[in-house]
Structures are given as C-alpha cells and as structure tokens.
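This report concerns only the one structure given below.
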Amino acid sequence: MELKGRKISSGVAEGEALVTSQPISFYGGVDADKGIVVEKGHELEGKSIAGKILVFPNGKGSTVGSYSLYRMKKNGVAPAAMVNRECEPIVAVGAIISSIPLVDQLEQDPLQAIKTGQRVKVDGTGAKVVL
Amino acid sequence: MKLTKEEQDMLAGKHGNAAKKSMEILVALGEIYGAENMIPVFSVQIAGVSYHNLGDAGLDYLEELSRDGKVRVLTTLNPAGMDLEDWRKLGISEDFAAKQLKVVDAFSKMGVIPSCTCTPYFVGNLPRFGEHIAWSESSAVCFANSVLGARTNREGGPSALAAALTGRTPNYGMHLDKNRQPQAIIKVKPKLKTVPDFGELGYAIGKKIGNKIPFITGVKSANTEQLKSFCASIATYGGTALFHIKGITPERVKKPAGEAVEINSGDLEAARAAMNDDCVPDFVSLGCPHASLNELRRIAELLKGKKVAVETWIAVARPVKELADKAGYSGAIEDAGAKLACDTCMVVAPLKGRFKCMATDSAKACFYARGTNNFKVRIGTVEQCIKAAVSGKWS
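As they're listed, the protein sequences go chains E and G. Residue 49 in the working numbering sits at position 49 of the first sequence, with consecutive numbering throughout. Residue 1343 in the working numbering sits at position 343 of the second sequence, with consecutive numbering throughout.
Rendered as structure tokens:
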C-alpha cells in the first residue's frame, strides 16, 4: 500500500516501524548518545529508536531538540526515517539538518495505518510512505 | 512557495552548502506555516550559543556550516555559557571553556558578531518600527515585536542562523498584519511600581491566557527596564511573542471584542508567592535580561562603600559594561565584591548544584534557576536583592 503525504525532509529509507501516539521531545526526552527514549512515563520509555521508522504525532519541547536529532545522527543512533501526523518546526529543522527523511500529512492517520514492527519505506523526496 | 531567482539558486546549492541547507530549512518552515514567499530581514539574533545546551552535536553542526557560510545581514548572538574573557572568575572548568570558545569561533567565522547578549537592542541591533527581522531569544523577540514594533516570529537557534546565512525568512505569522491583532483584553487594576511588579504581571497574564496576544489596559507608565523584565516574564510563562499596552506600545490596533480578564492585586500576590521559596539567598543574580546602564547606575549607588556577603553576579552585555567602566559604576560594584558577568547569564551557565537559594528581581530568572539549575528562589526589588547580598539575609 502506498500513502501520499507532504515532504518535509528529502531522502529515502526503509526499516521496521516504531509507533507511538504520544509527542516526542528530542531534547531531554531521548538519550542522544544511545538513541533510547528516557522521558518518564512515555509509551516508548526504555525503547531504542535507532535505525527505526519512527512514527509519532508531532514534536514538543525545547528548540534545542533540533540539535539533539543531529547529535543522534552523528552518533549513529538516529531513526532511519520519521513519519508525523503533523510536523512542527523543531522536528522539521532537526530532520533537515540531519538528513533524516520525514513525511507528514498522510492520506490516512499514520498512527492507525502503521503498526509497530511493520516493514515501512519512507520516500521523503517523493512525499510518500510505502507499507 | 514562490521563490526569487536568487532564492532558487541558493536552494540549488549555487551559493554553497551552508546557504543551501539554510534555504531548505526556511522553505520547509514556510511550507509548514503556509508562507507564500520569503522576505528580506534587516537583522538576526541567534540563540543556542551555550555549549551547555548545544553539546558536541550542536558544535559539529555549527562548524560544518562555518566551512562556507557567511551571514548576509547584521547578526548578533545570545549569551554563551561563560564570560568569554574572565571565565575563570565565574568558576568555569577548562574543558567547558575550550568547547564554548569553539562554538563562538564558529559563529564568528560566519560573520556573526559575538555580542553574547540577550539585549541586542542595547548594543546596536535596533530594528525600526515595522521592520522585518528573524530573532530568537524569547525575551528579545517579545521586546522587538511589542516595544519596538518590529516583526519577528519566535525563531529557534537553527532557523535564526538559516535566516542570517540567506538574509531571508518565510513570510508568515508575526510578519503579517492579520496575525498581530490582539486576542484578549487584560485590565490591570493595581498600580505597578517596580521591576518585579512587572515580572509578576507577566507571570499572571501568561498563566491566564497562554500565548494569546493581549491588549492590556490600566498600565499608566512603564520604563524600558520594566518593559524588558515584563517581556522576559510573559514570554517565559505564556510563550507570548507580542503584546499591546494601551498608551505605551507603538502599534495601533483595535481593542478586541469580548470581556476583559481582570488582573487584581491578589493575582500579583499569588504570582509573587509562586516565585518565592522559603530560603536564605546564598547567590544574588541581577541582569536578566542583561542590565541596562540605568540599572547599573542604580546598583552602583546601592553598593557604594559596602561589601557583599554572598556571591553576587550582575549579567551585562560587554559594550554596556565598558560604558559603565567609564562612568565609574563598574568600580563601585566590583569594589563591593560583586561580579559583572559579561557574555553570559545564570540561565545558560553550567551552575547546577553550585548554589541553594538565588535572589533576583527577574521573574524569568526564577523559572530557569529552578528548572535548569535546581535552585530555590526569592524575587524582590533591586534594593531588596542588594540588601540580601550585603547582609546575607532576606527581608
């Protein structure tokens, strides 16, 4: 199945989906050296986002979050690609400066359409997601 | 988005990698927020300077951009994590200092002026009414929009840098008339006299209406220092980018329809209580946002011939301090044992655990002292703070 969306950050990546219904703060909420979610009480607390297709509604928190994504990329623990319901500037800027493909505003709600563990291809350049 | 030929060339990489990356960021933001075009900016203020917040990743990013990036407009810098010259006097480690200097070097290489202040409007980055700018630093954004009447969104560090390296910002949000209209009426009942009074008002409004644009009535007068503190407070507690005060701020807007939200003396007392812990200050911190010459004049007057009993910092932009040196204010302050901290402040310096209880006249400083540094706080007038610095007691 192919879902069309909006391109935020270009590039193509494929991997295993990790889906959460909760917003993510990349500054303070994720350990940028290990790629593990550390926010207390978060659905993904203790889970690794490294190499995953990270599917979440939107970002939250400090503007330093953009740099945190960049740091994860440099450390080799960033998500392979991201899908948002509705992207906001912190994650958008983080994805662009880190060259992580990112698509949002899919034809269907990605939190429903995509299941954790599913094989997903994110085509940022072509503004689509292939399941 | 409609881009000019030059903007398309930047996006295609014809002006180098830094301009390309920057234009990609700006186009993505423009598309997210439905901007139709880019607009030239008069100036930029960049936040995200402290190595404490950036880490090695942020430093890597800045060094990568500095390989071929050059700013196209007047660009100033937010405070760093330390005094860039006298960092030893503030107890900063060698390792931290080395990294912090690299961050500032990367910015300088791109042509950013290492002003390292949150009050760019005191050191020559002064946009006129109606001018488009791209600033980060929430207090300065609020001051530029509200007090000066310039136009900027609340930029983050990377998007402000992108605006500097291209001279452009996407045309949305605060750049458009329709988004600058007030959304709530605030009627202030008590008479405001001091800087912390204005900080408490910012807290009270921020808690009541969040980031809506307020139309504020009932404030009879306000000087620059009071407005500076109010901007910092309402941006911290409400996320506010713009406010209008009838008879004080320059933009002519219509009073919105609807009931006024009243701020009475009880609201200000509640704000003060919320920002006062039961503690005896072992640290006094003034200059949040960075102190004006007039504030330094007053502090020098209060400290003349006295000695401080607890660690006392007054954060200030370096050029303002240099004028204070000539005016004799710095001498009076330093002779009393207080420190003038240039280029930095207590919000961004690595101070966690160094003090237990901080006294300040700034509502914004209270928030960050607690959240970032784990201090307890006391808010009071500059007179109360200096009294605490000298006596070691709070009254």
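Each residue gets a CB set at the ideal place from its N, CA and C atoms; glycine is no exception.
How many Å lie between residue i and residue j at the Cα?
{"i": "G/Tyr1051", "j": "G/Gly1218", "result": "42 Å"}
{"i": "E/Val129", "j": "E/Ala95", "result": "16 Å"}
{"i": "G/Lys1208", "j": "G/Gly1013", "result": "47 Å"}
{"i": "G/Thr1381", "j": "G/Val1188", "result": "20 Å"}
{"i": "G/Asp1105", "j": "G/Glu1006", "result": "28 Å"}
{"i": "G/Met1010", "j": "G/Gly1048", "result": "24 Å"}
{"i": "G/Thr1169", "j": "G/Gln1226", "result": "30 Å"}
{"i": "G/Asn1373", "j": "G/Gly1091", "result": "15 Å"}
{"i": "E/Gly5", "j": "G/Ala1028", "result": "14 Å"}
{"i": "E/Glu88", "j": "G/Val1044", "result": "21 Å"}
{"i": "E/Ser98", "j": "E/Val19", "result": "21 Å"}
{"i": "G/Pro1127", "j": "G/Leu1054", "result": "28 Å"}
{"i": "G/Cys1142", "j": "G/Thr1236", "result": "10 Å"}
{"i": "G/Glu1259", "j": "G/Ala1184", "result": "8 Å"}
{"i": "E/Ser68", "j": "G/Ala1097", "result": "21 Å"}
{"i": "E/Lys154", "j": "G/Leu1176", "result": "One cannot answer for residue 154 of chain E here, as it falls past the ends of chain E, which runs 1 to 131."}
{"i": "G/Cys1342", "j": "G/Gly1305", "result": "23 Å"}
{"i": "G/Ala1270", "j": "G/Glu1200", "result": "9 Å"}
Is residue i near residue j, with beta carbons less than 7 Å apart?
{"i": "G/Ala1140", "j": "G/Cys1116", "result": "no"}
{"i": "G/Gly1287", "j": "G/Ile1248", "result": "no"}
{"i": "G/Asn1211", "j": "G/Gly1238", "result": "yes"}
{"i": "E/Phe26", "j": "E/Gly51", "result": "no"}
{"i": "G/Pro1250", "j": "G/Gly1157", "result": "no"}
{"i": "E/Glu39", "j": "E/Asn58", "result": "no"}
{"i": "E/Asp104", "j": "E/Asn84", "result": "yes"}
{"i": "G/Pro1079", "j": "G/Val1348", "result": "yes"}
{"i": "G/Trp1394", "j": "G/Arg1370", "result": "no"}
{"i": "G/Cys1231", "j": "G/Lys1376", "result": "no"}
{"i": "G/Phe1263", "j": "G/Ala1332", "result": "Checking the displayed sequence, the identity of residue 1263 of chain G turns out to be Ile instead of Phe. Result no, Cβ atoms of G/Ile1263 and G/Ala1332 do not sit closer than 7 Å."}
{"i": "G/Ala1134", "j": "G/Ala1160", "result": "yes"}
{"i": "G/Val1316", "j": "G/Gly1337", "result": "no"}
{"i": "E/Asn75", "j": "E/Asp31", "result": "no"}
{"i": "G/Ser1292", "j": "G/Thr1360", "result": "no"}
{"i": "G/Ala1363", "j": "G/Ser1221", "result": "no"}
{"i": "E/Val122", "j": "E/Pro101", "result": "yes"}
Just grab the DSSP bridge partners of residue i for me.
{"i": "G/Cys1342", "result": "G/Val1316"}
{"i": "G/Lys1002", "result": "G/Asn1037"}
{"i": "G/Arg1354", "result": "Partner(s): none; G/Arg1354 has no beta bridge."}
{"i": "E/Gly59", "result": "E/Ile24"}
{"i": "E/Asn84", "result": "E/Phe56"}
{"i": "G/Thr1194", "result": "DSSP lists no partner for G/Thr1194."}
{"i": "G/Gln1045", "result": "G/Thr1076, G/Trp1135"}
{"i": "E/Lys4", "result": "E/Lys128"}
{"i": "G/Ala1184", "result": "G/Pro1214"}
{"i": "E/Leu102", "result": "E/Ser9, E/Met82"}
{"i": "G/Arg1378", "result": "G/Ala1359"}
{"i": "G/Leu1029", "result": "Note: G/Leu1029 sits in no beta bridge, so no partner."}
Can you list, in chain order, the residues of its chain whose CB lies under 7 Å from that of residue i, leaving out five sequence neighbours each side?
{"i": "G/Asp1335", "result": "none"}
{"i": "G/Lys1102", "result": "Leu1059"}
{"i": "E/Val93", "result": "Ser66"}
{"i": "E/Glu2", "result": "Lys128, Val130"}
{"i": "G/Leu1062", "result": "Val1103, Ala1106, Phe1107"}
{"i": "G/Ile1386", "result": "Ile1299, Leu1302, Leu1303"}
Can you name the residues of chain E whose CB is closer than 7 Å to the CB of residue i?
{"i": "G/Ile1032", "result": "Cys87, Pro89, Ala92"}
{"i": "G/Ser1159", "result": "Pro89, Val93"}
{"i": "G/Ile1092", "result": "Neighbours of G/Ile1092 on chain E: none; closest Cβ ~20 Å, over 7 Å."}
{"i": "G/Glu1024", "result": "Ile96"}
What in chain G is Cβ-close to residue i, meaning under 8 Å?
{"i": "E/Lys40", "result": "Per Cβ cutoff of 8 Å: no residues; E/Lys40 is ~15 Å from chain G at best."}
{"i": "E/Arg119", "result": "Per Cβ cutoff of 8 Å: no residues; E/Arg119 is ~27 Å from chain G at best."}
So with CB distances below 8 Å, who are the chain E contacts of residue i?
{"i": "G/Ala1028", "result": "Ile8, Ser9, Ala92, Val93, Ile96"}
{"i": "G/Lys1021", "result": "Ile96, Ile97"}
{"i": "G/Tyr1172", "result": "Residues of chain E passing the Cβ test: none, with the nearest at roughly 11 Å."}
{"i": "G/Leu1054", "result": "Val64, Tyr67"}
Leaving out the 5 sequence neighbours to the left and right, which residues in its chain are closer than 8 Å to residue i when beta-carbon positions are compared?
{"i": "G/Arg1067", "result": "Asn1017, Ala1018"}
{"i": "G/Gly1034", "result": "Tyr1172"}
{"i": "G/Lys1020", "result": "Met1010, Leu1011, Ala1012, Gly1013"}
{"i": "G/Gln1181", "result": "Ile1213, Val1253, Lys1254, Pro1256"}
{"i": "G/Gly1130", "result": "Gly1149, Ala1150, Arg1151"}
Ignore the nearest five residues each way along the sequence and tell me which others in residue i's own chain have a CB closer than 6 Å to its CB.
{"i": "G/Ser1022", "result": "Ala1162, Leu1165, Thr1166"}
{"i": "G/Leu1296", "result": "Ala1324, Tyr1329"}
{"i": "G/Phe1283", "result": "Glu1311, Phe1355, Met1358"}
{"i": "E/Thr132", "result": "Chain E is shown from 1 up to 131; residue 132 of chain E falls before or after that span and cannot be answered."}
{"i": "G/Thr1076", "result": "Gln1045, Ile1113, Ser1115, Pro1120, Asn1125"}
{"i": "E/Gly35", "result": "Ser48, Ile49, Ala50, Met72, Val77"}
Find the residues of chain G that neighbour residue i, judging by a C-beta separation of less than 7 Å, and give them in chain order.
{"i": "E/Lys74", "result": "Ala1057, Asp1060"}
Show which residues of chain E have a CB atom less than 9 Å away from the CB atom of residue i.
{"i": "G/Leu1011", "result": "Neighbours of G/Leu1011 on chain E: none; closest Cβ ~12 Å, over 9 Å."}
{"i": "G/Gly1156", "result": "Ser62, Thr63, Val64, Gly65, Ser66, Pro89, Ile90, Val93"}
In chain A, what lies closer than 9 Å to residue i by C-beta?
{"i": "G/Gly1206", "result": "The chain labelled as chain A is not found among the protein chains of the depicted structure, namely E and G."}
How would you list, in chain order, the residues of chain G whose beta-carbon sits under 9 Å from the beta-carbon of residue i?
{"i": "E/Ala32", "result": "Gly1055, Ala1057"}
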